[in-house]
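Just below is one structure, and these are the notes that go with it.
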Amino acid sequence: MRVVIVFLLSALLPLSCSHGQDPFAWLYGPQSQRFGSLQADTTGGCPDECDCPPSFPVAMYCDGRGLTVMPTIPSRVKYLYLQNNAITAVSDSALVNATNLEWLMMHHNQLTSDAIGKKAFMQLQGLERLYLQHNNLTTFPSNLPRTLAPLVNSFEGMDNLTILYLHDNAVTDMGTSLKALKSLTLLDISSNKLTKVPEALPENLHQLYLESNSIDSLPEGFFSRFTQLQYVRMAHNQLTDKGIPANTFNVTGLVELDLSYNKLERIPPVSTTLQHLYMQANQIKEFTLGSFCSVMDVTNFSKLRTLRLDGNEITRQDIPTESTLCLRLASSIEV
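FYI, the numbering for the sequence shown is -20 to -1, 1 to 315, going by mature numbering (1 follows the signal peptide of the UniProt record, and there is no 0).
Set out below in structure tokens:
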């Protein structure tokens, strides 16, 4: 049952929160009493600057306390809230006792890559969710050499990690550092300084957010490796027609594809199973019906429900009349 709960939460998070909101506000304060039935070892003190509610003994709330250094963490803690502070460093020993951590929230701090120990996260073998967005990171994970072995070794044993938020940092290259995260289903690395997509990503991803980077191309057959991928967001990049190989997005399983605010001049071919396509604010000059339907009959048509093409170089008069047969499920086409 625990695995099912984690999956449901990871599926719901993108629908219920944005980058400017804290996705765990519902756990704070008196509301945490809903977990009062949880049992845990309550040995070990609670740092003066944090709260450890008796009704939720596996959580430690240190968020928004003006902290500049890491507090002492009792071994019983599974959910650690350190967001909205001014913490600048995580030493190798800072999490040495936190071997039971499942969720670690360190977003909205002042972490820098060279101030995080190379072994800081290695002992967190049960970690499921790691939030590092809105920091000052330039490499991933922080303060690790950009060589394969140390990057991979830093995630050895973290097979349970399902959600990773790294958006709003300054990461330029992730190398193959994520390959070891076999259970990762949601990866958000938007609003960084990436010029290409990471070379090696876990193949079980359901949601991949890459918007607001400087990516101008995609590798051949990139998305065909991800059989469970449903949501891809690549808005606000530098994608051009030349940088997208044929049929890159024509893969079954995709539910939502966001390519808005790029430099595309044509609508790329997409799978008939796609339901939501966002291509506003590109440089599209023609409506290519073949991008949606190669064959049109009673059983062959696009499942597309949302299509946005506004902010391009086409008008409603450019949409062929036979589009009603191909796009029969689309409630509206915005141009």
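Quick reminder that beta carbons are idealized off the backbone N, C-alpha and C, glycines included.
Nearest in C-alpha terms to Asn262, of all of Leu91, Ser93, His216, is His216.
Listed in chain order, the non-local C-beta contacts of His87 below 6 Å within the same chain comprise Gln63, Tyr111, Gln113, His114, local neighbours out to five positions each way being set aside.
Collapsing the DSSP output to three states places Ala39 in a strand. Here the C-alpha atom of Pro178 lies approximately 23 Å from the C-alpha atom of Leu84.
Distance from Leu234 to Leu209 at the Cβ level is roughly 7 Å; contact confirmed, criterion being Cβ atoms closer than 8 Å.
Note on Leu309: under 16 other CB atoms within 10 angstroms of its CB, so exposed under the neighbour-count rule. In the structure shown, Ser204 falls within a helical segment according to DSSP collapsed to helix, strand and coil. Selection Asn184, Asp94, Arg213 evaluated against Lys162 yields Asn184 as nearest (Cα-Cα).
Counting the other Cβ atoms within 10 Å of the Cβ of Thr142 gives 16 or more, which makes it buried. Taking Asn172 as the centre and dropping the five residues before and after it, the same chain places the C-beta of Asn149, Val151, Asn193 closer than 6 Å to its C-beta, in chain order. A distance of 7 Å or more separates the beta carbons of Val250 and Asn280. Here Leu305 carries a helix assignment [DSSP, helix/strand/coil]. At a Cβ-Cβ threshold of 7 Å, Gln90 and Thr118 do not count as neighbours. In this chain, His88 is not harboured by any beta strand (DSSP E), its DSSP state being neither H nor E. Between Leu75 and Leu107, the C-beta spacing is not below 7 Å.
The C-alpha of Leu284 is placed about 9 Å away from the C-alpha of Ser311. Burial is judged here by how many other beta carbons sit within 10 angstroms of a residue's own beta carbon; Asp94 has fewer than 16 and is exposed. With a beta-carbon spacing of about 15 Å, Leu287 and Leu305 fall beyond the 8 Å limit used to define contacts. Between the alpha carbons of Phe272 and Ser282 lies a gap of roughly 6 Å.
Within the region 168 to 222, the runs of beta strand (DSSP E) that reach at least 3 residues and sit entirely inside it are, in chain order, 187 to 189, 211 to 213.
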